[in-house]
Structure formats: C-alpha cells, structure tokens
Amino acid sequence: MTLADWSFYDESGLPRVINVSGTMTGLGASIALPEVAAAMTSILPRFVGMHGLQLMASETIADLTGAEAGFITASASAGISLSLAGCMTGMDLGAVEALPDTTGLKNEVVIQLGHLCNYGAPLEQSIRLTGAKVVPVGQSTQVQDHQVTAALNAQTAAALYVVSHHVVEYGQVPLKRFAELCHAKGVPVIVDAASEYDLRGFLEDGADVVIYSGHKFLSGPTSGIVAGLSDRVRAGYLQNMGIGRGMKVGKESIYGAIAALKAWKTRDHAGIRAREDAALTLWQQAFAGFEGIEARPMPDPTSNPLDRLRVTIDAGVTGFDAFALAGAFGRNTPRIVVRDHEAELNYIALDPCNLAAGHAELVETAIKDILRQARGNGFPPADINKARNAGANGYLQWGSHD
Ligand SMILES: *Cc1c(COP(=O)(O)O)cnc(C)c1O
721 MTLADWSFYD ESGLPRVINV SGTMTGLGAS IALPEVAAAM TSILPRFVGM HGLQLMASET
781 IADLTGAEAG FITASASAGI SLSLAGCMTG MDLGAVEALP DTTGLKNEVV IQLGHLCNYG
841 APLEQSIRLT GAKVVPVGQS TQVQDHQVTA ALNAQTAAAL YVVSHHVVEY GQVPLKRFAE
901 LCHAKGVPVI VDAASEYDLR GFLEDGADVV IYSGHKFLSG PTSGIVAGLS DRVRAGYLQN
961 MGIGRGMKVG KESIYGAIAA LKAWKTRDHA GIRAREDAAL TLWQQAFAGF EGIEARPMPD
1021 PTSNPLDRLR VTIDAGVTGF DAFALAGAFG RNTPRIVVRD HEAELNYIAL DPCNLAAGHA
1081 ELVETAIKDI LRQARGNGFP PADINKARNA GANGYLQWGS HD
C-alpha cells in the first residue's frame, strides 16, 4: 500500500483534502501532470512572442483534434465567450473594440433550453458577456427540429451546443442534426465540450468550433482549448484585443496546456482505467453488506470512458439520507469531498479520476469508519437547504469575520 504524501499540506498549512467528486473548480480542478508542471516552470522566467506560442498551440490542437486551428484561453468559459464574440465581429477590429455593444452586428445566440446549465456560473452569462442576446429554443425536456429552425434568422450570430452531464440528457436535438439545421441557415455551431474526453467526434459531427477545458480530463493548467475552423478561430483570437483582455491567459498556461495535449497522445488510458476500476472495487467492497446501501459502478452519462461508484441510500432503512452521508465524508480527517449534486435522488457518487497515491485506500478506510459510526451513534442529519446552497454560501461567507 502506497502512503499518501501530505508534505505540501504540512508545509503550506492548508487543510488536507481528498477529491472524489470530479474535476471541481472549487477544489483546484485536477491533478496536473508532472510534464505540465515542468513545462510551466521552464517558461515562467522567460520571454516569448505570444503569437508564436499560440501558433505552437494551434498546431498541437490541430494535430489532436483534427481541427484547422486553435488557441488557448484562460478557461473553457472564456473560450465560449471569445468564440461567440468572434461569430459576431468576424475580423472587424472596430467591432471587437465596441463589444459588448453589438450595434450593427448579428447578435443572437440560439441554444436549446435543456442546455442552459450552470457550471459554477450560468452558461447564459458567458453568452451575454459578449453583448449577445440568448435565444432559448424549445422546452426544458423537449426540443424539436422545427423549433430550432424557427429560431434561426438574419440576426443569428451563432448556435451554442453543450455536451455535459449538467444538461438535460433526453429530448434534445443531437449534435449532428443540430449542426445540419444550423448550417442550412448559414449559422455556425459552437460546442461546449469542456468536460469531455473525445477530442475529435464533435468536430466530425459538424461543430465549427469546439471548446474543451485544459484542466479537466487533460490534467493541464487552468485553461481552455478552442479548436475549429481557421476563420472562426482567428476571429475568436482577435477578441484578446477586446473583451478577452480581462480573461487573459499567461504564457505558463499556454505552454502547460500544450504539454497536456501532447501527453494525451501517449497517455496510458487503459492503465488509468484499470487503476480507477480497482479503486471502485475497493470502495464497493467496503460498502458491501450494509443494509439500505447499494454501491455499484455506473458509466459516465456522456460516455466518457470512466465509471463512478454510485452509492444509493434507502433512508427508510438506514435512518440517514444521501445528504447526511455526504456530510459525514466532509467531516472525515482528511476531508473527503464526494459527488453530491444529485443527492436529492437518494444517491452520492465517488469519482476515481483525481486520486493521488494512497488516496483510494484512505477513502476505503473512511467508508468503513463512517459505516461504523452509522451503526453506533449515527451521525447528524444534514440541513438539506444548507447543502443545496453550499456553492453560493461558500462565496458569501468567504472573508467574513462571523
Ligand atoms: C467545467 C465546464 C465549463 C467551464 O469550464 P472552465 O474551464 O472551468 O471555465 C463549461 N461548460 C461545461 C459543460 C463544463 O463542464
């Protein structure tokens, strides 16, 4: 058994944390690869021509995605805004500097209602930031072709399509068809695939531009990756002279993202999968035999090649609900953050994507400890409204003295 290395936490004084919730901004996203860290360190004390560095990124992105071109942004969210802004301004520098004033430009962005998600901020705000108007299509759980077509008009600058576990997973128009409908009206399709493994499929299915997160599955620095048709990518890049300035990405993140993309090509995907599956088995066994709890691996909802351990609780049998179980993990030492955003459906999930050495075993020990507590005195019930609003409350309470 490998022991976890806590030296960073001891030296910095920051509290120890184990992340089994996924690539979460609130926990620092993901574990960056050693080659990413080395690339970032090597460029930090040096000057480089930034256009040349972004051209190097473009070539790397093209190689991996099959796109004509690409560039690195500060985040996927920034990539969405800059790409949409480019669809409005084209290569017109006057228009770039005028945003978010869109006078004289096509300024509507069409999106299926079930895709209007929140990834820590409302997706629709990443559209409105550019000055564009959001045009939602259809109803939350049903969108039909005619509704998409009816929404596309002479003012439509772009259509935005989201691939994510955050969106409604049925009743939406699939990407291939969505792109056909949009292209029939000459409207470009921008795809937010921030949290997806597949670096080629969305472009193959008709996306003009696709946006990925550099810091999710790619294990790079906090960054976004824009990939697509050369004209669209160049127009998005131009926004660095405008609204993109406040979303500036540094040389270290660009070079780190290039390193992450290169590492993706030679990554031992099967080996990583096997390690993740071993962790799931370990945890599943730790839950086994506890009455009212069923733990089993579930495939990722958007077909990313990974499973998570879904732990379903029958509160009538256990006497505690999924929120309370998540709370018990949060009180563990070290703190263990589980995936609890669907806890009202009576389950939590344990995500094996971001385990450092020794973490899987510590989670196994924690499961056993928590179940022992549950059998003994139990643990406090969760305040469900507090748990539901934890994201907002974290920001509200930050820096406050009470
Ligand atoms: C994470 C995520 C984002 C935001 O990505 P950042 O790089 O953190 O800005 C946008 N869209 C989806 C679907 C996401 O999962």
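All residue numbers for the sequence shown refer to the numbering used here, where the first residue is 721 and numbers rise by one. C-beta: ideal position from N, C-alpha, C; glycine also.
Here Leu753 is not near Ser933, since their CB atoms are 8 Å or more apart.
Taking a cut-off of 8 Å on C-beta distances, the stretch 905-920 does not touch the stretch 1048-1056, as fewer than three cross pairs fall below it.
Residue environment: Ala998 is assigned as exposed (fewer than 16 neighbouring CB atoms within 10 Å of its CB, all protein chains considered). Boundaries for Ile974: no beta strand (DSSP E) harbours it, while the alpha helix (DSSP H) harbouring it runs Lys971 to Thr986, taken from the DSSP string. Residue selection by CB proximity (closer than 6 Å to any heavy atom of ligand 1) returns Thr745, Ser795, Ala796, Ser797, Tyr839, Val882, Ser884, His886, Asp912, Ala914, Ser915, Ser933 and Gly944 in chain order. Rounded to whole angstroms, the separation of the alpha carbons of Ser762 and Asp951 is 32 Å. Look at the beta carbons and you see the stretch 1028-1041 not touching the stretch 1107-1118: under three pairs across the two are nearer than 8 Å. For Tyr957, the uninterrupted alpha helix (DSSP H) segment begins and ends at Ser950 to Tyr957. Out of Gly976, His1079 and Val909, the CA that lies nearest to the CA of Val953 is found in Val909. The three-state reading of DSSP puts Gln832 in strand, counting E and B together. If you compare the alpha carbons of Val883, Asp812 and Val887 with that of Val930, the shortest gap goes to Val883. Ranked by Cα distance from Met1018, the options Asp928, Arg897, Asp1071 and Trp726 are led by Asp1071. Counting only runs that start and end inside the stretch 901-946, the beta strand (DSSP E) elements of at least 3 residues fall at 909-912 and 929-933. If you draw a 10 Å sphere on the C-beta of Arg766, you find fewer than 16 other C-beta atoms in it, and that means exposed.
Boundaries of the alpha helix (DSSP H) around Gly1047: Ala1042 to Arg1051. Within a 10 Å sphere around the beta-carbon of Gln892 sit 16 or more other beta-carbons, which makes this residue buried. For Tyr975 and Glu755, the gap between their C-alpha atoms comes out near 11 Å. Scanning its chain for C-beta atoms nearer than 6 Å, with the 5 sequence neighbours on each side dropped, one finds no residue around Ile992. Take the alpha-carbon of Ile978 and the one of Phe922: they are about 20 Å apart. With contacts defined as CB atoms closer than 8 Å, Ala796 and Ser778 fail to qualify as a contacting pair. Within the DSSP secondary-structure output, Lys896 pairs in no beta bridge. Minimum Cα-Cα distance from Asn1024 among the listed residues Thr1038, Arg965, Ala749 and Leu919 corresponds to Leu919. Distance between Gln864 and Gln832, taken at the CA atoms: about 10 Å.
If you check the CB distance, Val888 and Thr861 come in under 8 Å. Apart from the 5 residues on each side of it in sequence, Leu1091 sits with its Cβ closer than 6 Å to the Cβ of Phe1010 in its chain, given in chain order.
Between Met760 and Pro941, the gap from beta carbon to beta carbon is short of 8 Å. With respect to Gly851, Ala955 sits apart: the two C-beta atoms are not nearer than 8 Å. Residue range Tyr1067 to Leu1070 is occupied by the beta strand (DSSP E) that includes Tyr1067. About 44 Å separates the beta carbons of Ala879 and Leu1002, which is beyond the 8 Å limit, so they are not a contact pair. DSSP places Thr1038 inside the alpha helix (DSSP H), whose first and last residues are Ala1035 to Thr1038.
Out of Ala1063, Leu1082, Ile1056 and Val1083, the CA that lies nearest to the CA of Ala1102 is found in Ala1063.
Going by C-alpha positions, Ala1046 is about 34 Å away from Met967. With contact defined as three or more Cβ pairs closer than 8 Å, the stretch 812-829 and the stretch 869-876 are in contact.
Distance from Thr785 to Ala947 at the Cβ level is roughly 4 Å; contact confirmed, criterion being Cβ atoms closer than 8 Å. Counting the other Cβ atoms within 10 Å of the Cβ of Asn1074 gives 16 or more, which makes it buried.
Residue state for Ile738 is assigned as strand, using DSSP reduced to three classes.
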